[in-house]
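Numbered per mature numbering (1 follows the signal peptide of the UniProt record, and there is no 0), the sequence shown spans residues -25 to -1, 1 to 194. To keep things clear, I will list the structure first and then write my remarks on it.
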Amino acid sequence: MTCKRSLVRRSAAVAAAGAAALVLAACGGDGDGSAGHGDHNAPASSSASASASASASASASASQGQHNAADVAFAKGMIPHHRQAVEMAGLAPDRARSAEVRKLAVDIKKAQGPEIKTLSGWLTSWGEEVPAEGAMDHSSHGMGGMMTAEEMNRLEDASGKAFDTAFMEMMIKHHEGAVEMAKTEQSDGAHGPAKKMAGEIITSQSAEIEQMNQLLGKD
């Protein structure tokens, strides 16, 4: 009887040990499964983080330096355009009779000279060629209100009231071309600072057009 009871006890102990082992295995399996699940989540979390970072980087890039072909065309066209306006304004001190025309010429040089430097800096940073100094190649006349060589010679030869009238009539045409170029940049460009400059050109040169029309009406 004692032997039989020992065998029963041993069997029960073995069974209990086996059950415990199964429980531990099951727990371990769950733990492994959780770990595996966690590992599965880790790349997804990392991927989401990388995606958010890339998105933020792209957004920063867009606001700080992104540009397109319209921006390049705007800069390359506006540089010679501004240079010609500055050249025209440079004729005023020795030729203009009207103090208002002389003041207008000073304002034009003061505004457009720094813009030429800014536009040139953008082109350089974009790896683009800056139009050469004196490259108002007259193949571009008629584009954006650019004066022809003949018109520039006529303005240079004028003085007094004749200069004032010719200067304002030509500059109105010139400004109207710049405003159209600036409107194209605002609608098609991607570079924030260039679009901002375009807006400033539209505002300032439209005001000067109105001023010159009024001055012409007074004569």
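We treat Cβ as the ideally placed atom computed from N, Cα and C, and that holds for glycine.
Check: 4-residue-minimum alpha helix (DSSP H) runs that sit fully inside the stretch 115 to 185, ordered along the chain; Outcome: 124 to 132 and 135 to 163
Check: Span separating the alpha-carbon of N43 from that of K85; Outcome: 28 Å
Check: Cβ shell of A71 (< 6 Å), same chain only, five flanking positions each side left out; Outcome: R77, F138 and D139
Check: Assigned exposure category for P55 - 16 Cβ within 10 Å defines buried; Outcome: buried
Check: Contact check, A173 vs G119, beta carbons under 9 Å; Outcome: no
Check: Boundaries (first-last residue) of the alpha helix (DSSP H) holding S73; Outcome: Unbroken run through S73: none, as it is neither H nor E.
Check: N188 - DSSP class collapsed to helix/strand/coil; Outcome: helix
Check: At least 3 beta-carbon pairs within less than 8 Å: the stretch 86 to 105 vs the stretch 46 to 60; Outcome: yes
Check: Neighbour-count burial assignment, A67, 16 or more Cβ in a 10 Å radius; Outcome: buried
Check: For W60, three-class secondary structure by DSSP; Outcome: The question names Trp, but residue 60 in the sequence shown is Ala. DSSP places A60 in helix when its eight states are reduced to three.
Check: CA nearest to the CA of A157, picked from E126, I147, I176 and G167; Outcome: I176
Check: Cβ-based neighbour list, residue 196, same chain, cut-off 7 Å, excluding 5 preceding and 5 following; Outcome: Residue 196 is absent from the model: the chain starts at -25 and stops at 194.
Check: Given 8 Å, three or more beta-carbon pairs between the stretch 141 to 151 and the stretch 124 to 133; Outcome: yes
Check: Cβ-based neighbour list, K136, same chain, cut-off 6 Å, excluding 5 preceding and 5 following; Outcome: R72
Check: Burial state of L94, where buried means 16 or more other Cβ atoms lie within 10 Å; Outcome: buried
Check: Nearest residue (CA-CA) to H150, options G102, M122, A45 and E108; Outcome: M122
Check: From A45, Q87, K170 and P106, residue whose alpha carbon lies closest to that of E62; Outcome: Q87
Check: For M145, the nearest candidate out of I184, S162 and T178 (CA to CA); Outcome: I184
Check: Under 9 Å between C-beta atoms of Q161 and K148; Outcome: no
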